[in-house]
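Chains A and B are the protein sequences, given in the same order. All residue numbers for the first sequence refer to my numbering, where the first residue is -5 and numbers rise by one. All residue numbers for the second sequence refer to my numbering, where the first residue is -5 and numbers rise by one. A short write-up of the structure that comes next.
Protein chains: 2
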Amino acid sequence: MNKEHIGFIGLGAMGRPMAKNLLEAGYPLTVYDLNPEPIKEVIAHGAKAAGSSAEAARDAEVIITMLPACDEVKAAVLGAGGVLGGATEGALLIDMSSIAPHTSKLVASEAAKVGVRFLDAPVSGGVTAAENGTLTIIVGGDRALLDEHIDLMQAMGKNIYHVGDVGMGETVKMINQVLAGINMLAIAEAFVLGTKLGADPETIYKVIRVSAGNSFLIDARVPDYLLKGDFSRPGFALDLMLKDLGLAIESAKINKIPLFLTGQAYQYFSMASSWGLGKKDMSSVTELLEEIVGVKVRTGSE
Amino acid sequence: MNKEHIGFIGLGAMGRPMAKNLLEAGYPLTVYDLNPEPIKEVIAHGAKAAGSSAEAARDAEVIITMLPACDEVKAAVLGAGGVLGGATEGALLIDMSSIAPHTSKLVASEAAKVGVRFLDAPVSGGVTAAENGTLTIIVGGDRALLDEHIDLMQAMGKNIYHVGDVGMGETVKMINQVLAGINMLAIAEAFVLGTKLGADPETIYKVIRVSAGNSFLIDARVPDYLLKGDFSRPGFALDLMLKDLGLAIESAKINKIPLFLTGQAYQYFSMASSWGLGKKDMSSVTELLEEIVGVKVRTGSE
């Protein structure tokens, strides 16, 4: 099967390893980012550089965007020098950013006007899964389009799900973020409480792993972040979680759905961001609680 | 190795299957419960009946209590006709109830006065794990005492952890309940939100299982409770979760630890209990949110 020529836009913490995995799988890649540094890094792995999103899209059969939020996606796709200014008719735009479902629908309908097809395909798993090519990819749009391009998806991810029409990938991703955000805060509260009450944090970790309170984030965050007391490496930045919970609250608001815990979680992460933790890993919310309570959740801190 | 004679007090949803597993493993059991019905059930499996907690404790080397809350434990152990009125010097009392750590300490010190040794050994895993003998057992007290009686623990549980001195088993169990309670509410909010926004609940389940929002309770509650819309079988009753979160808040209050999410979770379960869901499974909190939002999270409800 011949490999599609790909235009890849957005080389942040997630986009860089995803682009590298595509290169490694043999896909010809033309990349663009507002920041020249990551472009150099990915060129060293065999990509070609473009001077704009439009240029990255020019000869591509598939254009992938992996950007922080709605505004960046709208600018890179719909704006001056954007994807739709360069893409050829019949090309496929796959937006893998985590954005609002209604923005995906807007972008899809603008793309359709110039004959560009669209899938929303946000991911879960964070930087580690992006590096290992084991992302979960949650796809909205025409299922046949996904099937046609399943090989390139598999170069980046392990579990690839078609979940509905355009925008539904983003909706299900948002649901995942509601769960992950709340589960993260539960971990912060539980470990700070337990440590303050005199329990050994490593023992709590071992017991919880085999108990009803276990979650994906227990293994993904407790040993490498909480027990080490180092939250500086953003597996998933706190400000991104704040943005994602904001999207869920916005969608809930439109539909008048009360979200007691999600709302509280948003305020919690907002407080942590104000306190200066926005660029750190989302688990750094634990630092704020540790500071308030006067205890450190660390290996051997009993 | 010869099997200890066990007095077993408290034959509720958890106690019954735990007692049966001990009988099956060959332990001679004398049982007591305030309610005569479950006594008949366990006698049919080979146990002897006692007329009081004191009588159940009389000839026992090990006395196990598995009761709903602090008041019941204090009554059954310290009260008239209680364990300490019948137990012989040198006997071991293992309280497997989920109660406040300070109550465990009180009971342990009263027991010590009459030469009865004590372990707090609350469990995690719910009725299913109790039936399968795969409970996680979280033990506080003298480690040598636990080692001495590890065989009978293994008749009921799979993962047995010594976590510290008397009361620490209850503390770590409480931490687990904070996580499980909050994770459960996150599931209710996320699935109601997603279904209302048009996602297929079964698809959400499949995606979340392999995403960052996954938790023990996703598999333990979504297919058998949320997707079936039947919350009547209490794997873990909502009122018990309310009680456990209350214990965490009480311990946090003594230590001036702010628990934003745990506090909110308590109010949430309290609302659901007031609404009449207390005896149903804790996942029935979803029913309340479904009713408010006007949507049903069910297989095929897309």
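Cβ coordinates follow ideal geometry from the N, Cα and C atoms, glycine included.
(1) How far does the alpha helix (DSSP H) with G9/B in it reach, from first residue to last?
(2) Which value, in whole angstroms, describes the spacing of the CA atoms of G270/B and D27/A?
(3) Can you tell me the Cα-Cα spacing of E164/B and N(-4)/B, whole angstroms?
(4) Quick one: list the residues of chain A neighbouring E31/B, beta-carbon separation under 8 Å, in chain order.
(5) Quick one: what does DSSP say T280/B is sitting in, helix, strand or coil?
(6) Please state the DSSP three-state secondary structure of G151/B.
(7) Name the chain A residues that come within less than 8 Å of M162/B, Cβ to Cβ?
(8) What would DSSP say about E296/A, mapped onto helix, strand or coil?
(9) What is the DSSP secondary structure of F344/A, reduced to helix, strand or coil?
(10) Leaving out five residues before and five after E296/B in sequence, what residues of the same chain have Cβ atoms less than 6 Å from its Cβ?
(11) Return yes when at least one heavy atom of the ligand SAH lies under 7 Å from the C-beta of F230/B, else no.
(12) Pick out whichever of G135/A, L187/A, A19/A, A74/A has its Cα sitting closest to the Cα of I251/B.
(13) Under 8 Å between the Cβ atoms of M235/A and M12/A?
(14) Taking only beta-carbon atoms, is V71/B less than 8 Å away from chain A?
(15) Contact defined as beta carbons within less than 8 Å: I believe V25/A pairs with A43/A. What is the distance between those atoms, to the nearest angstrom?
(16) List the residues of chain B that D245/A touches, going by C-beta distances under 7 Å, in chain order.
(17) Just by C-beta distance, which residues in the segment 147 to 162 of chain A are closer than 7 Å to chain B?
(18) Quick one: residues in its chain with C-beta nearer than 7 Å to the C-beta of L211/B, no 5 flanking neighbours on either side, listed in chain order?
(19) Starting from Y262/A, find everything on chain B with Cβ-Cβ shorter than 9 Å and list it in chain order.
(20) Check this for me: beta carbons of G1/B and A51/B, under 8 Å apart or not?
(21) So the candidates are V166/B, V279/B, G20/B; which of them puts its Cα closest to the Cα of D301/B?
(22) Taking only the alpha-carbon atoms, compute the straight-line gap between A106/A and V71/A and give it to the nearest angstrom.
(23) State the start and end residues of the unbroken alpha helix (DSSP H) segment that holds F254/A.
(24) Throw me the rounded Cβ distance for the I132/B and V101/B pair, which I believe falls under 8 Å.
(25) Return the chain-ordered list of same chain residues with a C-beta closer than 7 Å to the C-beta of V287/A, the five sequence neighbours on each side being excluded.
(26) Thinking C-alpha only, which one of H39/A, V160/A, E183/A, M168/A is nearest S278/A?
(27) How about K274/A: is its C-beta nearer than 8 Å to some C-beta of chain B?
(28) Kindly indicate if chain B contains any beta-carbon less than 8 Å away from that of I0/A.
(29) Report the CB separation of M121/B from A7/B in whole angstroms; it is logged as a contact under 8 Å.
(30) Quick test of your reading: V291/B and E285/B, contact by CB under 8 Å. State the CB separation rounded to the nearest angstrom.
(31) Measuring CA to CA, which of A54/A, A206/A, T293/A is closest to A124/B?
(32) Keeping to the same chain, check which residues put their C-beta closer than 8 Å to that of V108/B; ignore five residues upstream and five downstream.
(33) Quick one: what's got a C-beta closer than 7 Å to S46/B's C-beta in the same chain, skipping five residues either side?
(34) Select from I33/A, H(-1)/A, I88/A, F225/A the residue whose C-alpha is nearest the C-alpha of I58/A.
(35) For E183/B, return the contacting residues in chain A, with the cut-off set at a CB-CB distance below 7 Å.
Looking at the atomic coordinates:
(1) Within the second sequence, residue 9/B is the residue found at index 15, counting from 1. Taken as a continuous stretch (DSSP letters only), the alpha helix (DSSP H) holding G9/B covers 9 to 18.
(2) As a working mapping, residue 270/B is identified with position 276 in the second sequence. As a working mapping, residue 27/A is identified with position 33 in the first sequence. Taking the straight line from one Cα to the other gives about 55 Å.
(3) One-based indexing of the second sequence puts residue 164/B at position 170. One-based indexing of the second sequence puts residue -4/B at position 2. Each residue's Cα considered, the two are about 29 Å apart.
(4) One-based indexing of the second sequence puts residue 31/B at position 37. Simply none; closest approach about 27 Å.
(5) Locating residue 280/B in the second sequence gives position 286, where the first residue counts as 1. The answer is helix: DSSP assigns T280/B an H, G or I state.
(6) Residue numbering aside, residue 151/B sits at position 157 when the second sequence is read from its first letter. Residue state, collapsed to three classes: strand.
(7) The residue you call residue 162/B lines up with position 168 of the second sequence. Within chain A, the residues near M162/B are G192, A193.
(8) Stepping through the first sequence from its first residue, residue 296/A is reached at position 302. Summary for E296/A: the model assigns pLDDT 44, below 50, so the residue's position carries little reliability; its value from the coordinates is reported in the next sentence. Here E296/A sits in coil by DSSP.
(9) Given that chain A is displayed from residue -5 to residue 296, the structure contains no residue 344/A and the question cannot be resolved.
(10) The residue you call residue 296/B lines up with position 302 of the second sequence. Because E296/B carries a pLDDT of 44, less than 50, the predicted location of this residue cannot be relied on, and the following value inherits that uncertainty. Excluding sequence neighbours, E296/B sits near D194.
(11) As far as ligands go, the structure on display features none, and thus does not contain the ligand SAH.
(12) Residue 251/B sits at position 257 when you count from the first residue of the second sequence. It is L187/A.
(13) Here the question's residue 235/A lines up with position 241 in the first sequence. Here the question's residue 12/A lines up with position 18 in the first sequence. Cβ distance not < 8 Å, so M235/A and M12/A don't count as in contact.
(14) For the purposes of this step, residue 71/B is identified with residue 77 of the second sequence, where counting begins at 1. Output row for V71/B: interface = no.
(15) Mapped onto the first sequence, residue 25/A falls at position 31. Mapped onto the first sequence, residue 43/A falls at position 49. So it is a contact: roughly 6 Å between Cβ atoms.
(16) Taking the first sequence and counting its residues from 1, the one referred to as residue 245/A is at position 251. What sits at residue 245/A in the sequence shown is Ser, not Asp. Here the neighbours are L191.
(17) N153, Y155, V157, G158, M162
(18) The residue you call residue 211/B lines up with position 217 of the second sequence. Closer than 7 Å at Cβ, skipping near neighbours: A174, N177, M178, I181.
(19) On the first sequence, residue 262/A is found 268 positions in, with the first residue counted as 1. Those are F254, L255, listed as they occur along chain B.
(20) Locating residue 1/B in the second sequence gives position 7, where the first residue counts as 1. Locating residue 51/B in the second sequence gives position 57, where the first residue counts as 1. Cβ distance < 8 Å, so G1/B and A51/B count as in contact.
(21) Limits of chain B in this structure are -5 at one end and 296 at the other, which puts residue 301/B out of reach.
(22) Locating residue 106/A in the first sequence gives position 112, counting from the first residue. Locating residue 71/A in the first sequence gives position 77, counting from the first residue. The alpha-carbon atoms of A106/A and V71/A are separated by roughly 12 Å.
(23) By one-based count along the first sequence, residue 254/A stands at place 260. Segment 254 to 266, the alpha helix (DSSP H) holding F254/A.
(24) Residue numbering aside, residue 132/B sits at position 138 when the second sequence is read from its first letter. Residue numbering aside, residue 101/B sits at position 107 when the second sequence is read from its first letter. Actually they are not in contact, since the Cβ atoms of I132/B and V101/B sit about 17 Å apart, beyond 8 Å.
(25) Residue 287/A sits at position 293 when you count from the first residue of the first sequence. V186, K190.
(26) Here residue 278/A refers to the residue found at position 284 of the first sequence. Checking every option, the nearest Cα to that of S278/A belongs to E183/A.
(27) Residue mapping note: residue 274/A aligns to position 280 of the first sequence, counting from 1. Judged by the 8 Å Cβ criterion, K274/A is not in contact with chain B.
(28) In the first sequence, counting from the first residue as 1, residue 0/A sits at position 6. No, no contact with chain B.
(29) Residue numbering aside, residue 121/B sits at position 127 when the second sequence is read from its first letter. Residue numbering aside, residue 7/B sits at position 13 when the second sequence is read from its first letter. Before going further, note that residue 121/B is Val rather than Met in the sequence given. About 5 Å separates the two Cβ atoms, so the contact holds.
(30) Reading the second sequence from its first residue, position 297 is the one you call residue 291/B. Reading the second sequence from its first residue, position 291 is the one you call residue 285/B. Wrong, their Cβ atoms sit about 12 Å apart, outside the cutoff.
(31) As a working mapping, residue 124/B is identified with position 130 in the second sequence. Among A54/A, A206/A, T293/A, the Cα nearest to that of A124/B belongs to A206/A.
(32) As a first step, residue 108/B is located in the second sequence; it is residue number 114 there, counting from the start. The answer, listed in chain order, is L78, A81, E83.
(33) The residue you call residue 46/B lines up with position 52 of the second sequence. For S46/B, where only same-chain residues beyond five positions count, the Cβ hits under 7 Å are Y26, G75.
(34) Numbered from its first residue, the first sequence carries residue 58/A at position 64. Nearest of I33/A, H(-1)/A, I88/A, F225/A to I58/A, Cα basis: I88/A.
(35) The count along the second sequence starts at 1 and reaches residue 183/B at position 189. Going along chain A in sequence order, the residues near E183/B (Cβ under 7 Å) are V172, L253, L255, T256.
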